[in-house]
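Asks: Protein chains in written order, with full-length UniProt numbering: chain P, 1 to 78; chain C, 1 to 380. The beta carbon of each residue, even a glycine, is placed where N, CA and C say it ideally should be. None of the values given here were measured: they were computed from a predicted structure.
1. Roughly how many angstroms separate the alpha carbons of residue 248/C and residue 55/C, rounded to a whole number?
2. Beta strand (DSSP E) containing residue 96/C: first to last residue?
3. By the 10 Å Cβ neighbour count, where 16 or more other Cβ atoms means buried, how is residue 66/P classified, buried or exposed?
4. Which full runs of the alpha helix (DSSP H) of 4+ residues lie inside the stretch 162 to 192 of chain C, going along the chain?
5. Expressed to the nearest angstrom, what Euclidean distance is found between the alpha-carbon atoms of residue 79/C and residue 62/C?
6. Output needed for residue 20/C: all residues of its chain with C-beta closer than 7 angstroms, excluding positions within five of it in sequence on either side, in chain order.
7. How many angstroms separate the CA atom of residue 140/C from the CA atom of residue 29/P?
8. Out of 172/C, 166/C and 210/C, point me to the one whose CA is closest to residue 178/C's CA.
9. Could you give the DSSP three-state label for residue 62/C: helix, strand or coil?
10. Can you name the residues of chain P whose CB is closer than 8 angstroms to the CB of residue 267/C?
11. Quick one: which chain P residues come within Cβ less than 7 angstroms of residue 102/C?
12. Give the secondary structure of residue 273/C by DSSP, where H, G and I count as helix, E and B as strand, and everything else as coil.
13. Please state the DSSP three-state secondary structure of residue 253/C.
14. List the residues of chain P that residue 159/C touches, going by C-beta distances under 9 angstroms, in chain order.
15. Are residue 232/C and residue 250/C touching if we call contact CB-CB under 8 angstroms?
16. May I have the straight-line CA-CA distance separating residue 3/P from residue 207/C, to the nearest angstrom?
17. Helix, strand or coil, according to DSSP, for residue 38/C in the structure here?
18. Let me make sure I understand the geometry here. Which of 376/C, 339/C and 352/C has the alpha-carbon closest to that of residue 369/C?
19. Using a Cβ cut-off of 9 angstroms, which residues of the stretch 269 to 297 of chain C contact any Cβ in chain P, in chain order?
20. Quick check on residue 81/P: does DSSP put it in helix, strand or coil?
21. Return the CA-CA distance between residue 14/C and residue 180/C, expressed in angstroms with no decimal places.
22. Suppose contacts are defined by Cβ-Cβ distances below 8 angstroms. Is residue 73/P in contact with residue 59/P by that definition?
23. Could you name the residues of chain C that residue 43/P contacts, counting a contact when the two beta carbons are closer than 8 angstroms?
24. Between which residues of its own chain and residue 1/P is the CB-CB distance below 7 angstroms, once the five residues before and five after are set aside?
25. Could you tell me if residue 38/C is buried or exposed, where buried requires 16 or more neighbouring beta carbons within 10 angstroms of its beta carbon?
26. Please report the Cβ distance between residue 281/C and residue 43/P, rounded to the nearest whole angstrom; I am assuming they are in contact, meaning their Cβ atoms lie under 8 angstroms.
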């Protein structure tokens, strides 16, 4: 879906643009409602993106073949 | 000439060899300070130059095997201290210093090397602002190039966990000091660039003396950072430590902890930012709705829309009023109130004055209903 591809910063930028347009108040009711709907969707998307990443700390190792493997990093503070 | 024949007569080669032996045995390990002049780096890799002071000049050679470990490039005018042995170049009978080690006088060799590389890369444009890439606002995966056992990775993980618990960090373990460090760091940066989903790199280590931080002043690391497609944050040592990496990197962090803080704003900041925009979105939509609904209610309360019949009734009333006034003007209406009109029968002339009539004139009086025909008896 298109919304998945949208990067966080792009979503924020788009959201800010929509808010500015609505604040200008020069849109028709139909357009306002469309923008508002999109704005609500973008707000949700941004919040979702903030929460979706998994905490993971991995360490990389290069195999003799030149390929990489990752394994969990065990810092001595954990 | 007996005395003469008893003396030994040297050939030029013999005496030169003796001088060489004497020089090399008595002056085989000396430190000499002076100013470099006539410096030439021969294509063989050997360096030829002179050391001079106010009164004298000493020829010097620094062979390739000795000069390849030099961190800096000697230049004419530079004050240096050389260690080596005196020898004779037999072909010309010149004596010269064979330099084994060279140190700049006053500042350290590393400092000179740092300044030289900095100037070189600056001239090449590696520090230019237009090459600096923007950091992603919310990086999904952060690549870290540092030692797995150093303070830097611990600090970075601590800060990231505190600010944004759900980040994905990949550590590429490297040596951060020693002769292999620079090569490993550069390789790690190159390798990370073969991955698709790394959004930003932190390259660095904790504090140390200049020698410890040296890998981050090596050209190979500087070029790897410059060539990196992924934005690089350089985080070496403490606030006061500036390295070549710092100049080339897209962003310089004073410490590894600071790098972690720079790489991502705290989650709370993000969330409150989003909530803020969301509130503005709602407020903007609300005010649009308010304006529209007040326009709507103004329309609804408009006279026409509220009681359409009123308008009709008003017209009706107006029409009645007008017709009423019209009736008042009509003569028949006057008659209905008891007035009458009198005409002379002979010519039908309306009588408004008694002098218009004389005795025995016949008159017709029109009433509201019907007429009366009468004869005048007398005129008053």
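Replies: Taking the definition as stated:
1. Cα to Cα, residue 248/C sits roughly 44 angstroms from residue 55/C.
2. Per DSSP, the unbroken beta strand (DSSP E) holding residue 96/C starts and ends at 94 to 104.
3. Classification of residue 66/P: exposed, given that the 10 Å Cβ count is below 16.
4. Complete alpha helix (DSSP H) runs here, min 4: 181 to 192.
5. When rounded, the distance between both Cα atoms is 16 angstroms.
6. Result list for residue 20/C: 87, 88 and 90, in chain order.
7. Spanning the two alpha carbons is a distance of roughly 38 angstroms.
8. Among 172/C, 166/C and 210/C, the Cα nearest to that of residue 178/C belongs to 210/C.
9. Strand at residue 62/C.
10. Within chain P, the residues near residue 267/C are 50.
11. Residues of chain P whose Cβ lies closer than 7 angstroms to the Cβ of residue 102/C do not exist; the shortest such Cβ separation is about 38 angstroms.
12. For residue 273/C, the secondary structure class from DSSP, reduced to helix, strand or coil, is helix.
13. Here residue 253/C sits in strand by DSSP.
14. What residue 159/C touches in chain P: nothing, since even the nearest Cβ is about 12 angstroms away.
15. Judged by their CB atoms, residue 232/C and residue 250/C are nearer to each other than the 8 angstroms cut-off.
16. Reliability fails at residue 3/P, whose pLDDT of 49 lies under 50, so the model's placement of it is uncertain and no value is given.
17. Looking at residue 38/C - three-state DSSP - the assignment turns out to be strand.
18. Of 376/C, 339/C and 352/C, the residue nearest in Cα terms is 339/C.
19. Of all residues in the stretch 269 to 297 of chain C, only 270, 271, 273, 274, 275, 277, 278, 280, 281, 282, 283, 284, 285, 287, 288, 289, 291 and 292 come within less than 9 angstroms of chain P when Cβ atoms are compared, listed by chain position.
20. Coverage of chain P is limited to positions 1 through 78, which leaves residue 81/P absent and any answer about it impossible.
21. One alpha carbon belongs to residue 14/C, the other to residue 180/C, and they sit about 49 angstroms apart.
22. Residue 73/P places its beta carbon less than 8 angstroms from that of residue 59/P.
23. Those within 8 angstroms of residue 43/P in chain C are 274, 277, 278 and 281.
24. At residue 1/P, the pLDDT of 40 sits below 50, so the modelled position is not reliable and the matter cannot be decided from this model.
25. In this structure residue 38/C is exposed. Its beta-carbon is surrounded by fewer than 16 other beta-carbon atoms within 10 angstroms.
26. Their Cβ separation, rounded to whole angstroms, is 7 angstroms, which keeps residue 281/C and residue 43/P in contact under 8 angstroms.
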